[in-house]
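Everything below concerns the one structure shown next.
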Amino acid sequence: MRYSRQEIFSKIGKEGQNLLKKSKVAVIGLGATGSSSAELLARAGVGELILADRDIVELNNLQRQSLYNEDDIGNVKADSIKNHLKKINSEVKIKTLVIDLDYRNINEIKTDLILDCSDNIDTRNLINEYCHKNKINWIYSGVIEDNGIVLNFNNDYCFSCIFESIKADLLGTCDTKGVLNTIVKVISGIQVNEAIKILTKQDYSREMIYFNISNNKLEKYKAKKNENCKVCKGIYDYLDGRKGNDVVKLCGRGVYQIKGKKIDLGRLEGIRTKYFLVNDNFTVFNDGRALIKAESKEKAKTLYSKYIGN
Amino acid sequence: MKVKVYLEQKDKEEIVNLDNNSNIKSLLEKLKINSGTVITANSNNELVTDNYVIKNNERIKIIPVISGG
Numbered sequence: 084m085r086y087s088r089q090e091i092f093s094k095i096g097k098e099g100q101n102l103l104k105k106s107k108v109a110v111i112g113l114g115a116t117g118s119s120s121a122e123l124l125a126r127a128g129v130g131e132l133i134l135a136d137r138d139i140v141e142l143n144n145l146q147r148q149s150l151y152n153e154d155d156i157g158n159v160k161a162d163s164i165k166n167h168l169k170k171i172n173s174e175v176k177i178k179t180l181v182i183d184l185d186y187r188n189i190n191e192i193k194t195d196l197i198l199d200c201s202d203n204i205d206t207r208n209l210i211n212e213y214c215h216k217n218k219i220n221w222i223y224s225g226v227i228e229d230n231g232i233v234l235n236f237n238n239d240y241c242f243s244c245i246f247e248s249i250k251a252d253l254l255g256t257c258d259t260k261g262v263l264n265t266i267v268k269v270i271s272g273i274q275v276n277e278a279i280k281i282l283t284k285q286d287y288s289r290e291m292i293y294f295n296i297s298n299n300k301l302e303k304y305k306a307k308k309n310e311n312c313k314v315c316k317g318i319y320d321y322l323d324g325r326k327g328n329d330v331v332k333l334c335g336r337g338v339y340q341i342k343g344k345k346i347d348l349g350r351l352e353g354i355r356t357k358y359f360l361v362n363d364n365f366t367v368f369n370d371g372r373a374l375i376k377a378e379s380k381e382k383a384k385t386l387y388s389k390y391i392g393n
Numbered sequence: 013m014k015v016k017v018y019l020e021q022k023d024k025e026e027i028v029n030l031d032n033n034s035n036i037k038s039l040l041e042k043l044k045i046n047s048g049t050v051i052t053a054n055s056n057n058e059l060v061t062d063n064y065v066i067k068n069n070e071r072i073k074i075i076p077v078i079s080g081g
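Protein sequence lines correspond, in order, to chains W and G. Here the working numbering runs 83 ahead of the position in the first sequence, where the first position is 1. Here the working numbering runs 12 ahead of the position in the second sequence, where the first position is 1.
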């Protein structure tokens with residue numbers, strides 16, 4: 084009964100619905116696209132979801148990040164969204180990971196398909212190498228201003244084949260350029276539709292989809308393998324820990340994440356929750372990650388040393 | 013040679029004069045666009061890399077990379 088409108092649709096049917104029920108999908112990043120895509124997957128009846136995010140809900144998230152409400156502010160996104168999704172579809176098994184995905188923990192993502200809803204190129208390079216090595220399909224999505232992008236990867240070509248020369252530090256973020264909530268919904272819809280096609284064994288897009296919502300223009304670009312691609316030759320710089328950044332600016336606010344060693348939260352002053360300790364200057368997670376409000380990367384590192392140590 | 017360049021971000025097309033056998037890298041340098049921020053596509057809407065040699069009268073699209081989520 085719950086899925087009757089989906090099962091009656093000829094391209095899915097009862098067989099497709101059963102395939103969705105047997106599927107396990109990971110959503111990496113639970114910001115704008117991630118929260119929306121997780122909701123669509125849960126409503127569609129995907130059997131198991133792994134939801135991974137490193138951040139907490141803030142007031143400025145509510146403009147575009149689905150399901151979160153004012154009561155969630157200050158809580159970790161993964162747990163907040165799990166609570167909301169359970170009220171939408173209690174049949175879906177949900178595992179949450181409150182982590183900053185890196186080469187040390189990505190093996191926790193054991194799944195049929197990964198939806199990239201992250202906000203940075205380093206994470207996408209890591210996901211790309213992990214999926215290439217383990218032959219897992221993944222779907223890249225991105226949004227900024229009034230533009231959005233979606234591209235499937237299934238080892239015919241990889242993220243590095245196309246984006247190898249991109250310099251993460253030079254790209255605009257939603258913090259610096261803004262983003263409309265309407266483009267988020269379009270891109271999330273395309274991403275989850277591609278996911279459903281993959282999971283129900285339908286043909287799916289091998290083209291990069293680029294959409295601008297101000298002029299309603301959709302462009303499709305053919306992706307192909309780059310014969311010089313290092314990842315396609317099995318060289319995994321991010322997965323093997325040779326590349327990646329332990330200090331990153333988070334999208335959406337003037338906050339830097341610094342990864343340090345595990346620390347004893349007991350020696351710090353602040354309000355403790357299940358996952359972190361928070362005070363006026365920083366939020367420190369159990370795994371040693373700290374979120375620090377600062378004007379620059381250098382100032383964030385200085386504050387980290389001052390309050391938490393080296 | 014003349015190359016038609018479509019700038020996706022500005023939704024604008026312009027004609028650029030380039031030396032014969034120029035590649036994407038030299039086109040981006042001429043336009044003062046940092047190659048670390050964009051990807052490019054040829055007349056067939058195929059994504060191409062910096063060393064792609066541009067043909068006379070070819071239409072090249074310059075597409076900003078989107079990182080936000």
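Ideal Cβ placement from N, Cα and C applies to all residues, glycine included.
Residues sharing a beta bridge with residue 366/W, DSSP = 361/W and 374/W
query = In whole angstroms, what is the alpha-carbon distance linking residue 96/W and residue 311/W?
reply = 42 Å
request  = Give the single residue among 24/G, 49/G and 31/G whose Cα lies nearest to the Cα of residue 203/W.
outcome  = 49/G
request  = Identify whether residue 155/W lies in helix, strand or coil by the three-state DSSP scheme.
outcome  = helix
ask   = For residue 307/W versus residue 240/W, is the C-beta spacing smaller than 8 Å?
value = yes
inquiry  = Once the 5 residues before and after residue 150/W are set aside, which same chain residues still bring their CB inside 7 Å of it?
reply    = 118, 122, 164 and 167
request  = State yes or no: is the C-beta of residue 63/G within less than 8 Å of the C-beta of residue 35/G?
outcome  = yes
message = With H, G and I counted as helix, E and B as strand and the rest as coil, what does DSSP make of residue 242/W?
response = helix
Within chain W, the residues that residue 38/G reaches when beta carbons sit closer than 9 Å = Chain W residues near residue 38/G: none, gap ~15 Å exceeds 9 Å.
request  = With 9 Å as the C-beta to C-beta threshold (strictly closer), list the residues of the stretch 209 to 232 of chain W near chain G in chain order.
outcome  = 224, 225, 226, 227, 228, 230, 231 and 232
Inter-residue CB distance, residue 124/W and residue 132/W (contact presumed, cutoff 8 Å) = 6 Å
inquiry  = Counting C-beta neighbours from all protein chains within 10 Å, is the total for residue 291/W 16 or more, i.e. buried, or is it exposed?
reply    = buried
request  = Let me know if residue 372/W comes out buried or exposed under the rule of 16 or more other beta-carbons within 10 Å of its beta-carbon.
outcome  = buried
message = Would you say residue 77/G lies against chain W (beta-carbon separation less than 8 Å)?
response = yes
message = Please tell me whether residue 139/W and residue 200/W are closer than 8 Å, where the distance is taken between their beta carbons.
response = no
key: Buried or exposed by the 16-neighbour rule on C-beta atoms within 10 Å, applied to residue 61/G   = buried
key: Pick from 368/W, 323/W, 369/W and 272/W that is closest to residue 185/W, judged by C-alpha positions   = 323/W
message = So, for residue 281/W: in the same chain, excluding its five sequence neighbours on each side, which residues have a beta-carbon less than 7 Å away from its beta-carbon?
response = 196, 220 and 287
ask   = Closest by CA to residue 198/W, which one among 158/W, 214/W and 153/W?
value = 214/W
ask   = What does residue 26/G reach in chain W if we use C-beta pairs closer than 8 Å?
value = Per Cβ cutoff of 8 Å: no residues; residue 26/G is ~18 Å from chain W at best.
Where residue 96/W falls: helix, strand or coil (DSSP) = helix
ask   = Quick one: Cα of residue 271/W to Cα of residue 370/W, how far?
value = 30 Å
query = Is any beta-carbon of chain W found at less than 8 Å from that of residue 59/G?
reply = yes
ask   = Beta carbon of residue 229/W, beta carbon of residue 266/W: below 8 Å?
value = yes
task = Report the option in 303/W, 183/W, 376/W and 86/W whose CA atom is closest to the CA atom of residue 328/W.
result = 183/W
query = If you run the structure through DSSP and keep just helix, strand and coil, what is residue 176/W?
reply = strand
request  = Report the rounded CA-to-CA distance for residue 89/W versus residue 100/W, giving the unit in angstroms.
outcome  = 8 Å
inquiry  = I'd like to know if residue 269/W contacts chain G, where contact means its C-beta is closer than 8 Å to some C-beta of that chain.
reply    = no
ask   = Helix or strand or just coil, what does DSSP make of residue 26/G?
value = strand
ask   = Going by the beta-carbon positions, is the gap between residue 338/W and residue 384/W smaller than 8 Å?
value = no
Cross-chain neighbours of residue 51/G in chain W, by beta carbon under 9 Å = 245, 246, 248, 249, 291 and 304
inquiry  = At the level of alpha carbons, what is the spacing between residue 79/G and residue 256/W?
reply    = 7 Å
request  = Could you tell me which uninterrupted alpha helix (DSSP H) segments, each at least 4 residues in length, are contained entirely in the stretch 257 to 284 of chain W, listed from first to last along the chain?
outcome  = 257 to 260 and 264 to 282
Every unbroken beta strand (DSSP E) inside the stretch 312 to 358 of chain W [3 residues or more] = 330 to 332 and 338 to 342
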